[in-house]
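Taking it in order: structure first as structure tokens, then the write-up.
Residue numbers (this note's numbering): 1138 to 1384.
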């Protein structure tokens, strides 16, 4: 892959955007590579850590040179939207580690992940209306779900940027680290905590949380029924009871 660097670990993939000369702008080739990553994680479910490789940059948005030449049929093809929706629907949890700007499509890529960790110099923004378009790759529905409708509308209508402190305060990110060197260790530590749980329980929990309201409570009941019969559940509960007995 030319636009991504991929590190395979036993329980996760670390995917690094690697177009420093373009400030990690998201173009059609990068989208194709993200689809390939999704195909791998759908076939072999693992955790995902998504980050930007260049110091001080996550993703500067879509490649404006390409975007300017796209027409209505390109918009209807959902080029970015389909890839980001696929990331959102991955079986296991995903974490975006953001250092520096995450703007336009770059911000929407971060929103597509389940959790976000950023540095103090991170900034999020949706400048699309100032370029004559709308945020069409997920921000119009993911951002209100993350920070509330009124705040999301303000950011989408104005293109105002949000710094790391505000992002934490309004619930756009889960963690802020002071130094860039702390970013990946913090993101990995968050994934390590997730990995302590039963992989099947985590996977079904994500499925339940992301399901539409109409799927509840039936989905919860069916998922719990599957987990109640799982050998991992029996082993973990037996270990818990034996530890308590030993104390």
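From the three backbone atoms N, C-alpha and C, an ideal C-beta is built for every residue, glycine too. Here the structure is a predicted model, which means the values were calculated and not measured.
Would you mind giving the Cβ-Cβ distance between residue i and residue j, rounded to the nearest angstrom? I have them listed as a contact below 8 Å.
| i | j | result |
| --- | --- | --- |
| residue 1280 | residue 1293 | 7 Å |
| residue 1276 | residue 1244 | 7 Å |
| residue 1266 | residue 1296 | 6 Å |
| residue 1250 | residue 1187 | 6 Å |
| residue 1278 | residue 1223 | Between residue 1223 and residue 1278 the Cβ distance is about 15 Å, and since that is not below 8 Å, they are no contact. |
| residue 1254 | residue 1304 | Wrong, their Cβ atoms sit about 11 Å apart, outside the cutoff. |
| residue 1356 | residue 1348 | 5 Å |
With a CB to CB cut of under 8 Å and the five nearest residues on each side skipped, what residues in its chain are close to residue i?
| i | result |
| --- | --- |
| residue 1252 | 1230, 1231, 1232, 1233, 1311 and 1327 |
| residue 1184 | 1148, 1149, 1150, 1229, 1230, 1231, 1232, 1328, 1331 and 1332 |
| residue 1178 | 1150, 1185, 1227, 1228 and 1229 |
| residue 1300 | 1259 and 1260 |
| residue 1101 | This structure does not reach residue 1101, given that the chain is present from 1138 up to 1384, and the question cannot be answered. |
| residue 1350 | none |
| residue 1368 | none |
Measuring alpha carbon to alpha carbon, tell me which of the options ends up nearest residue i.
| i | options | result |
| --- | --- | --- |
| residue 1182 | 1203, 1268 and 1336 | 1336 |
| residue 1273 | 1198, 1188, 1347 and 1187 | 1198 |
| residue 1209 | 1270, 1302, 1297 and 1353 | 1270 |
| residue 1174 | 1142, 1201 and 1200 | 1142 |
| residue 1189 | 1176, 1201 and 1317 | 1317 |
| residue 1334 | 1374, 1309, 1354 and 1307 | 1374 |
| residue 1216 | 1168, 1263, 1200 and 1225 | 1168 |
| residue 1286 | 1302, 1298, 1166 and 1307 | 1307 |
| residue 1200 | 1377, 1352, 1166 and 1225 | 1166 |
| residue 1290 | 1268, 1263, 1302 and 1313 | 1263 |
For residue i, which residues from the same chain have a beta carbon less than 6 Å from its beta carbon, with the 5 sequence-adjacent residues on both sides left out?
| i | result |
| --- | --- |
| residue 1156 | 1140 |
| residue 1203 | 1164 |
| residue 1370 | 1364 |
| residue 1298 | 1260 and 1262 |
| residue 1315 | 1257 |
| residue 1225 | 1249 |
Apart from the five residues just before and just after residue i, which ones in its own chain have a Cβ nearer than 7 Å to its Cβ?
| i | result |
| --- | --- |
| residue 1219 | none |
| residue 1206 | none |
| residue 1345 | 1356, 1357 and 1360 |
| residue 1288 | 1307 |
Using a C-beta cutoff of 8 Å, does residue i count as contacting chain B?
| i | result |
| --- | --- |
| residue 1140 | The structure shown contains no chain B; it holds only a single protein chain. |
Just to check, is the beta-carbon of residue i closer than 7 Å to a non-hydrogen atom of the ligand HEM?
| i | result |
| --- | --- |
| residue 1178 | For the structure depicted, the ligand HEM is absent and the ligand set is empty, with no information on it obtainable. |
Inset, instruction - Report the residue ranges of all beta strand (DSSP E) runs contained in full by the segment 1208-1273; include only those spanning at least 3 residues, in chain order. - result: Those beta strand (DSSP E) runs which fall completely within the segment 1208-1273 and span 3+ residues are 1231-1235, 1238-1240, 1252-1256 and 1260-1262.
Inset, instruction - Inspect the CB distances between the segment 1236-1252 and the segment 1189-1199 and report whether three or more fall short of 8 Å. - result: Between the segment 1236-1252 and the segment 1189-1199, the count of C-beta pairs closer than 8 Å reaches three or more; the two stretches touch.
Inset, instruction - State whether the segment 1335-1352 contacts the segment 1154-1169, with contact taken as three or more CB pairs (one from each stretch) at a distance under 8 Å. - result: Between the segment 1335-1352 and the segment 1154-1169 there are fewer than three inter-stretch CB-CB distances shorter than 8 Å, so the stretches are not counted as touching.
Inset, instruction - Could you tell me which uninterrupted beta strand (DSSP E) segments, each at least 3 residues in length, are contained entirely in the segment 1154-1189, listed from first to last along the chain? - result: Counting only runs of 3 or more, we get 1184-1189.
Inset, instruction - Scan the segment 1266-1322 and note each continuous beta strand (DSSP E) run of 3 residues or more that stays entirely inside, going in chain order. - result: Here the runs fully enclosed are 1312-1314.
Inset, instruction - Decide yes or no for the touch test of the segment 1259-1266 against the segment 1210-1226: beta carbon pairs closer than 8 Å, at least 3 of them. - result: Taking a cut-off of 8 Å for Cβ pairs, the segment 1259-1266 and the segment 1210-1226 do not touch, as fewer than three such pairs fall below it.
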